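Shown next, in structure tokens, is the structure this report addresses.
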Amino acid sequence: MNEVVKPVEREEDTVAFHVEAGIAWVRFNRPDKRNAMSPKLNRRMMAVLDELEFREDVGVLVLSGEGTAWSAGMDLKEYFRETESKGMAGTRAAQRESYGWWRRLRWYQKPTIAMVNGWCFGGGYGPLFACDLAFAAEEAKFGLSEINWGILPGGGATKVATELLPFRKAMYHALMGENIDGKTAADWGLVNEALPLDQLKARVTDVANVLLAKNPVALKATKDAVRRVGVMTYDEAEDYLIRAQEAANFYDNEGRKEGIKQFIDDKTYKPGLGAYDKTKAAKAKV
Ligand code: COA
């Protein structure tokens, strides 16, 4: 009997994306493998992030998954077994590729939203944390499954758990290898909100549209500040925030002046109730 030969997966097919009305919809695209992150996917994701980061038609990036998974974490065959067979060099190269795009995403120029439509395991916590906001389907399942197959939650997953969860919950989550659903993930603070799967995209679109209406330089300065100040003393944070705002003024000094003017002089909006009309200000330098 002839053996069925499966076509070789092409690197460019491992990530799908399209841009629509200011939002870049990026999707893990290995549904048959539950979107497990392979070296090919990791390389492709970095290339896609590169392509989208400074595009004028992209204001927000949403990361979701094709099929039933967001991402089943690292690919046990292609990321672990096959790279380990190449020795230390293989392992380190694969780690650099995956950690590299997660780091890139943590400090991405545009605000980012994880839209967790299904399974989210282990290594998936890296990109989950890298996204600035996260919305999950109530039906989604989250787990640090590493303990179930005999390793610790590496690739930052332990760090993500302790950043986002209280100590007791992080420890239980990491040691027990039990899954939690989207609702529990929201209760615990792993994600912002959980909604029924059929309402998830509409909610994420609404959130993205709110972000699209805001000053993009201020958004980047703010998201970086929230990530940075957590490890600083109060005085360091105070100093960092002064300098970060002054640096933001270099790229967009007109936006905030326009924001003040529309409130104080024109009386066309109230900052306590919504954003100023950024289209009336001179264009920012980025
Ligand atoms: N690495 C490699 N392959 C994976 C994978 C992973 N992390 N997750 C799923 N796959 C593959 C399966 O081997 C299977 O491949 P095959 O069709 O060639 O046999 C295919 O994806 C479908 O997986 P399956 O287990 O049949 O799907 P399911 O919907 O019944 O179960 C999961 C989904 C996510 C519960 C299950 O696939 C799973 O436990 N995956 C591993 C999760 C994990 O521990 N990840 C590592 C974190 S670092």
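With the UniProt record's numbering, the residue at position 172 of the sequence shown is 172, and numbering never jumps.
All C-beta atoms, glycine included, are put in the ideal place defined by N, C-alpha and C.
Quick caveat: nothing in here was measured; it's all calculated off a predicted structure.
Helix, strand or coil for residue i per DSSP?
{"i": "phenylalanine 54", "result": "coil"}
{"i": "serine 64", "result": "strand"}
{"i": "glutamate 193", "result": "strand"}
{"i": "aspartate 181", "result": "strand"}
{"i": "alanine 69", "result": "strand"}
{"i": "glutamine 199", "result": "helix"}
{"i": "proline 31", "result": "helix"}
{"i": "threonine 233", "result": "coil"}
{"i": "lysine 223", "result": "helix"}
Within 7 Å: the Cβ of residue i and any heavy atom of the ligand ATP?
{"i": "arginine 81", "result": "In terms of ligand content, the structure shown lacks the ligand ATP and carries the ligand COA instead."}
What residues are listed by DSSP as bridge partners for residue i?
{"i": "methionine 74", "result": "Met37"}
{"i": "methionine 115", "result": "Phe135"}
{"i": "tryptophan 25", "result": "His18, Val62"}
{"i": "leucine 144", "result": "Paired residue(s): none; leucine 144 is not in a bridge."}
{"i": "arginine 281", "result": "The amino acid at residue 281 is misidentified as arginine; the sequence shows alanine. Paired residues: none, contrary to the question."}
{"i": "phenylalanine 121", "result": "Gly143"}
Give me the Cα-Cα distance between residue i and residue j, rounded to the nearest whole angstrom.
{"i": "arginine 103", "j": "aspartate 265", "result": "42 Å"}
{"i": "glutamate 3", "j": "glutamate 78", "result": "22 Å"}
{"i": "alanine 170", "j": "phenylalanine 129", "result": "14 Å"}
{"i": "serine 145", "j": "proline 153", "result": "8 Å"}
{"i": "arginine 10", "j": "glycine 274", "result": "45 Å"}
{"i": "alanine 36", "j": "tryptophan 25", "result": "18 Å"}
{"i": "threonine 83", "j": "arginine 168", "result": "34 Å"}
{"i": "aspartate 32", "j": "serine 71", "result": "11 Å"}
{"i": "lysine 6", "j": "alanine 194", "result": "37 Å"}
{"i": "asparagine 249", "j": "methionine 115", "result": "32 Å"}
{"i": "alanine 140", "j": "glycine 182", "result": "5 Å"}
{"i": "alanine 237", "j": "glutamate 53", "result": "27 Å"}
{"i": "glutamate 66", "j": "phenylalanine 135", "result": "16 Å"}
{"i": "glycine 150", "j": "alanine 174", "result": "12 Å"}
{"i": "leucine 200", "j": "methionine 176", "result": "29 Å"}
{"i": "glutamine 95", "j": "arginine 81", "result": "13 Å"}
{"i": "lysine 280", "j": "leucine 49", "result": "30 Å"}
{"i": "lysine 223", "j": "isoleucine 113", "result": "12 Å"}
{"i": "aspartate 277", "j": "tryptophan 188", "result": "36 Å"}
{"i": "arginine 44", "j": "glutamate 97", "result": "10 Å"}
{"i": "arginine 243", "j": "arginine 203", "result": "34 Å"}
{"i": "glutamate 12", "j": "asparagine 148", "result": "32 Å"}
{"i": "threonine 184", "j": "threonine 205", "result": "23 Å"}
Am I right that residue i and residue j are in contact with their C-beta atoms under 8 Å? What's the rounded C-beta distance?
{"i": "alanine 208", "j": "valine 15", "result": "That pair is no contact at about 19 Å."}
{"i": "residue 299", "j": "glycine 126", "result": "Nothing about residue 299 can be read from this structure; the chain reaches only from 1 to 286."}
{"i": "alanine 137", "j": "proline 196", "result": "7 Å"}
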